[in-house]
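If you read the protein sequences in the order shown, they are chains A and B. If you count by this note's numbering, then the first sequence holds residues 197 to 537, one letter each, in order. If you count by this note's numbering, then the second sequence holds residues 3 to 898, one letter each, in order. We treat Cβ as the ideally placed atom computed from N, Cα and C, and that holds for glycine. Below is one structure, written out as structure tokens; the observations come after it.
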Amino acid sequence: MKELMQSLREASIKAINESDNPESIEALRVRYLGKKGELTAILRQMGKLSPEERPAMGQLANQLRSEIEQALELRKTMLSKIVLEKQLEAEAIDVTLPGAEQPVGHKHPMYNVLDQIKDIFVGMGFEIVDGPEVELADYNFTKLNIDEGHPSRDWTDTFYFTEDGKILLRTQTSPMQVHAMETKSLPIRMIAPGRVYRKDEVDATHSPMFHQIEGMVIDKGVTMADLKATLNLVVEKIYGAGTVTRFRPHHFPFTEPSCEMDIQCHKCGGKGCPTCKGEGWIEVLGAGMVHPKVLAGCGIDPDVYSGWAFGMGLERLAMGEYKITDLRLIFDNDVRFLEQF
Amino acid sequence: MNLSRKWLNEFVDLPLAEVDDRTFAEAMTISGSKVEVTEDLSKSIKNVKVGRIVKLEKHPNSDHMLVCQIDVGAAEPVQICTGAWNVHEGDLVPAALHNALLPGGVKITKGKLRGVESAGMLCSLKELNVTVHDFPYGEIKAAALLNDYHPIDPAKPSVPADIKAGDKLFGSVIAAEVKAVSPAGVNRWDVTLSAGAEDCKLVSDCQNLHAGDLAAYDTAKRTLCTLADLRAKQEEFPHCIADGILILHEDCKPGDDVGALLGLDDHVVEFEITPNRPDCLCMIGLAREAAVTFGKTLKLHEPQVRAAAGGDINALARVFIEDPLCVRYTARMVKNVKIAPSPAWMRERIRNAGMRPINNIVDITNYVMLEYGQPMHAFDFSCVKGGEIHVRCTREGESIQTLDGTDRKLTPAMLCICDTEKPVGVAGVMGGANSEIVGDTAMVLFESANFNGTSIRRTATALGMRTDASSRYEKGLDPQNTMKAVQRACELIEMLGAGEVVEGVIDVCPNKLKQTTVKLEPEKVNALLGTDIDEGTMRKILLDLGFTLEGDTIFVPSWRADVEHYSDIAEEVARFYGYNEIPTTFTGGITTVGGYTPAQQLERKLGEVCRSMGLDEIITYSFISPTYYDKIRMPENSPLRDSLRILNPLGEDTSIMRTTILPSMLEILTRNYNFRNKKAALYEIGRIYLKRPDGMADEPKIVSLGGYGEKTDFFTLKGWVEKILRELGTARARFVAEKNNPAYHPGRCAKVFVGETEIGVLGQIHPLVAANYGVDAELYCAELRFDALEAVKGALPVYKPLPRFPSVTRDIAVVCRAEIPVGELTDCILKNGGRYLKDCALFDVYTGSHVLPGMKSVAFSLIMRSDEQTLTVEHAEETVAGILKALERDFGAVIR
């Protein structure tokens, strides 16, 4: 019997190790370990043994069973691994084929820039305000210290809706300064982006409709030094850390002192090149301390409160940022243009 | 404003060698006078020298060229060929030598002309980029030389080929040989003629005469004939032209640089002067800024007038200001005016400042304007009727011919300079032809007046003639400047010997000129600037700028009408303290929160959703053409046609404010279609402008969607709208077929509602509308009201427990009339699904051979679930039965 078990051990291990698919493994399990299997057949002969021999033989048989089971398991694992490998090989694809198309929409490049600027100001505690484009001359001009007779009020420059010149399309976002001062509680920190209109024929740098961003701070003790610090920070966020700026005197009727802010030409580093028209500097915005007359006109006591304001053109900023050479592209809305951003 | 650096040195000691262009430009810009560009004039012309013609010979191989030996100050003369006939031995000429550069970038090199060496080129006015205004004596008059005669028709010559001296041409004109020519002053020659038997001598101003020429001599007039005298055509005398080499009559010698002679040894700085600083539109104003900027002394000159003519202007002329638009009228009289070219220095300065020299009188008025910023007008006083000047507004029907020769109708708002009868000039804009100085004049009035800026600007604009004078006046000039300017003009008259100044000045100034004062409040200035500038520094800056101080009172100089408040003083101080020296600090005070409002957040969200679906953002004009309403088939009586109309639009296409955003989207879709872009999917969140009774506008925002191209149909568009609503978390939307919107396809258009709120409209654009845009494709658009979206936006989501029990799905198919909208069936199912129905999804709509004609089969998946227990079969079947019953009851739909 011992011999029988030994030969079964040898034959079964050999057969198991030679099997080459999961089905034959299962067949071998039945053949050796099944109810009618060869090991069972051997065990049936246990009855013929003496009671003394039985425990030792039983132990041997159990050991053989577990050896065969182990061999089956081992072989099965190995075979399934091979099968998986074959399957994976068969499933290989050309990974260089294009991916399934997903919709990609694009923000208009100008609004990309605008949103960037909004985020910068919101992060500094500013709110964003919105106002009418069909505006009163009072707000667009008079309350901004722009007298009757100022050239910008001419019918050659401004679009009017009424013969008396009282209702017009705003030519700047600056009336939002007045609206904010008249309606908001102090202190005010706001920006007001929006559409503005001037009577300019369409060309590579002009459009009768364009966009500006107005900004204003009104509080006690606001100084020109604050204006400089805030705008320097904004410009660094837009143009990158270390951007060199300068402020130079300028004139706006509704700010005093007034200034324009330049950044040093990033292309030539201030030496002068075609990008900066040889000046070494590129103008980015106009600003100034809110004119005391404007404050007083909006019911704010200029002896208690002061403020600063700025205005910048969005188109020029976006054109500079994305190297767009013709303003008309902005309003053409050609998808081949829009999808570049 | 163009500033000559050379001229500037007269007022401020700032030589180029000490302050280069870049330093000058930077410093001036930083102190508030923005430099646009600086031009080194000397770079435009190089290696052009004054040369003296020492020998002149005929070119051996040409019938019209001359070979000149020229002394250019070197050891040996150079040889230059020229085709011009106005040169003579002894003339000083501009000679462009080998490797010379002429204005316009023209390079001159030596070479051979018809086999003869030419070491350069002699230059005409044009080649030097100047005109007879710069060099009045450069005007050339040519005699008709018979040796240059070329008949138009060789068979019928007007002058016989064998003509010789003494032969008669016609009338009193005979042929005469030039025996000798010798100079007799500028452009004058003593000429000896031989006309047959006798010789005769005369003085001629024709510049192309040389010994040996055969001229046409009018024996009666005793003059040489020009082409005009012979009524000849230029082509008959091709080389007898009124053009040639510029013969120099300046104080110069061979070898001198012609660039310097033309005043091009100068650098011209172009400034952008802001409108509040008209005082900087002149040399003195800019010199003052430069002096303070560089810490130099401003050297001003007090004009001195001898008034050698004596008399009294007040006995000759009277001035009446009849309209307050004239603030001040100052005048002086000059007798025996002799018109002549101005001296070179004056012409140079005028030219480098960007104006053209004309003659001494005109040049003096322009010079004073450039120097003092005060426009002046000189006119012939003998043309002034009644010896009276009335400054008044035009009367109805008056007109004037201005100096430019144009007849102009005047309107009653225009201020004019008049005599007792008529206007003789448009105040501050241009003088009248009726009082123009033509030739020497006995009496010239020099007007130096101050007018209301706005009035001048409006007049100039209305007449379409913005002049150097009007563009200065319109910014508002200093009324105190009129006297200094007229004195300076008279001083120059005397200096140039252009006339004799009459004693006395007329100066009418009806209202007392105001003196502005501002209190010096250093602490307020520092508080505004955020600086700590000491009072002494402030005082010095103000004094240097011409302000005066008495204690704390600042007296603002008359030329600084822009200064009236301590904030203006702060700017003056800051400009010279340096804007860039002001520290940077962050606003203190109360912290504000800032941030986006819910509406702004919604707008951002909408953009994000649109882009996530592949839509590109567009920006369109707010104004459109009224014809666009026709293009979108808007009914004639639609209230939306009542748009705000721009009274002065750029053109019809941008003349009204849009009341619907659809035309804007269609325009962009069309443009992309015309660009042959295969597909477009676009969105815009833009405003429309709805007229209010008060004449202003409500400006609601509209979410505009649009697309065309592959895989774009009604359901693509509907999918966009549905996704937007889903992302906003709205309640379930209803889409209701809309057949009556004329812009849209009547069978492919829907209105969308959430609850009772109408959100907007979507659909295929009506083929007729597409055709109006010239588009042969299906266009899809949606217009959604932003305020409606805001209203139906879902609240912040609240967590609902996840389902604990499995759901049961039952598919049903019902047959109903084909025209019943699936949306209504769905509504019915959802309404009658009871508490267990969780969702209902359409999965098939079928028409065809398996259902009766006019019917359709609609299949839904019903998803049912109980939140308390596993759904029983009974409950599921009850639910389905209830739904089927309702479908049959409401729509006659029966299970298939």
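Does chain B have any CB closer than 9 Å to the CB of residue i?
i        : result
A/Cys472 : no
A/Met420 : yes
A/Ile542 : Chain A is shown only over 197 to 537; residue 542 of chain A falls outside these bounds and no answer can be derived.
A/Ala425 : yes
A/Phe506 : no
A/Lys339 : no
A/Glu344 : yes
A/Met306 : yes
A/Asp399 : no
A/Lys314 : yes
A/Ile384 : yes
Does chain A have any CB closer than 9 Å to the CB of residue i?
i        : result
B/Val777 : no
B/Pro651 : yes
B/Leu684 : yes
B/Ile47  : no
B/Val896 : no
At which residues does the alpha helix (DSSP H) containing residue i begin and terminate?
i        : result
B/Leu263 : 260-263
B/Trp9   : 7-10
A/Gln373 : 371-379
A/His402 : That residue, A/His402, is in no alpha helix (DSSP H); it is neither H nor E in DSSP.
List, in order along the chain, the chain B residues whose C-beta lies closer than 8 Å to that of residue i?
i        : result
A/His302 : Arg613, Asp618, Glu619
A/Cys455 : Tyr581
Please compile the residues from chain B whose C-beta is within a distance smaller than 7 Å of the C-beta of residue i.
i        : result
A/Met405 : Tyr623, Ser624
A/Arg391 : Ser624
A/Val531 : Asp618, Asn674, Asn679, Ala682
A/Glu535 : Asp618
At which residues does the beta strand (DSSP E) containing residue i begin and terminate?
i        : result
B/Val39  : 36-42
B/Thr811 : 810-819
A/Ala388 : 384-393
A/Tyr356 : Neither: A/Tyr356 is in no beta strand (DSSP E) and is coded neither H nor E.
B/Cys751 : 746-756
B/Cys242 : Note, B/Cys242: premise wrong, no beta strand (DSSP E); not H, not E.
B/Val50  : 48-60
List, in chain order, every chain A residue whose beta-carbon is nearer than 7 Å to that of residue i.
i        : result
B/Gly597 : Val318, Glu323
B/Asn278 : His447
B/Gln602 : Ile324
Residues of chain A with CB closer than 8 Å to the CB of residue i, please, in chain order.
i        : result
B/Asn4   : Those within 8 Å of B/Asn4 in chain A number zero; the least Cβ separation is about 17 Å.
B/Leu647 : In the sequence as presented, Leu is not what sits at residue 647 of chain B; that position holds Arg. Result: Phe357.
B/Phe588 : Asp422, Ala425, Thr426
B/Arg459 : Gly345, Pro347
So residue i contacts chain A; which residues on that side make the cut at Cβ distance below 9 Å?
i        : result
B/Ser33  : Arg444, Pro445
B/His567 : Glu452, His487, Pro488, Lys489
B/Tyr691 : Glu329, Val330
B/Lys36  : Arg444, Pro445, His446, Glu456
B/Leu531 : Thr419, Met420, Ala421, Pro453, Met485
Under 8 Å from any heavy atom of the ligand NAP, does the C-beta of residue i make it?
i        : result
B/Gly688 : Because no ligand of any kind appears in the structure shown, any question about the ligand NAP cannot be addressed here.
If the cut is a Cβ gap below 9 Å, which residues of chain B does residue i touch?
i        : result
A/Thr352 : Thr463, Asn650
Worksheet entry | Contact residues within the stretch 429-448 of chain A, judged by C-beta distance below 7 Å to chain B | Listed by position along the chain: Arg442, Phe443, Arg444, Pro445, His446, His447.
Item to complete: Only counting runs of 4 or more residues, tell me where the alpha helix (DSSP H) segments fall wholly within the stretch 445-494 of chain A, in order along the chain.
Response: DSSP runs (the alpha helix (DSSP H)) wholly in the stretch 445-494 of chain A: 488-493.
Item to complete: Identify every run of the alpha helix (DSSP H) within the stretch 512-558 of chain B, keeping only runs that are complete inside it and at least 4 residues long; order them along the chain.
Response: Counting whole runs of 4 or more residues, the stretch 512-558 of chain B contains the alpha helix (DSSP H) stretches 524-531, 537-546.
Fill in: Contact set between the stretch 471-505 of chain A and chain B, restricted to residues whose Cβ is under 9 Å from the partner
If the cut-off is 9 Å between Cβ atoms, the stretch 471-505 of chain A has Lys473, Gly474, Glu475, Gly476, Trp477, Gly484, Met485, His487, Pro488, Lys489, Pro498, Asp499, Ser502, Trp504 near chain B.
Item to complete: Could you please tell me which residues of the stretch 537-551 of chain B, in chain order, have their CB closer than 8 Å to any CB of chain A?
Response: Contact annotation: in the stretch 537-551 of chain B, no residue has its CB less than 8 Å from a CB in chain A.
Discussion item. By the 8 Å beta-carbon criterion, what residues does the stretch 695-709 of chain B contribute toward chain A?
Written reply: Taken in chain order, the members of the stretch 695-709 of chain B whose beta-carbon sits within less than 8 Å of a beta-carbon on chain A are Gly697, Met698, Ala699, Glu701.
Worksheet item: Quick one: complete alpha helix (DSSP H) runs, 4+ long, within the stretch 357-440 of chain B?
Response: Counting whole runs of 4 or more residues, the stretch 357-440 of chain B contains the alpha helix (DSSP H) stretches 362-374.
Worksheet item: Where in the stretch 657-735 of chain B do unbroken runs of the alpha helix (DSSP H), each at least 4 residues long, occur, reported from the N-terminal end onward?
Response: Listed in chain order, the complete alpha helix (DSSP H) runs (minimum 4 residues) inside the stretch 657-735 of chain B are 664-676, 716-730.
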